[in-house]
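Structure first, commentary second.
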Amino acid sequence: MNDSISIDKARDSRNKPLKIQERSLAQAKGMIKMQHLAQIHMNSAERMMHPTSAHVCILV
């Protein structure tokens, strides 16, 4: 029984870095998505503050 426990521990130890990498990748993807959504929000806020219809060109 001890042999199977040590095999399981060895397998878990071997897979641990991979699990950490997967978690880090998922977090990085989440951060990129949040940054993208924040940029969209900022762009739409900028459009609301400076609507294109507010710019008037007068030729004399």
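The opening position of the sequence shown corresponds to residue 736 in the numbering used here, with each subsequent residue numbered one higher. Heads up, the beta-carbon is just placed ideally off N, CA and C, and yes, glycines get one too.
Query raised in the report: Per DSSP, what kind of secondary structure is isoleucine 775 in: helix, strand or coil?
Result: If DSSP states are grouped into helix, strand and coil, isoleucine 775 belongs with the helices.
Report task. Return the CA-CA distance between lysine 751 and glutamate 757, expressed in angstroms with no decimal places. Result -> Lysine 751 and glutamate 757: Cα-Cα distance of roughly 10 angstroms.
Query raised in the report: Would DSSP call isoleucine 755 helix, strand or coil?
Result: Reduced to three states, the DSSP call for isoleucine 755 is helix.
Query raised in the report: Just how far apart, CA to CA, sit serine 779 and methionine 766?
Result: Approximately 20 angstroms, taken between the alpha carbons.
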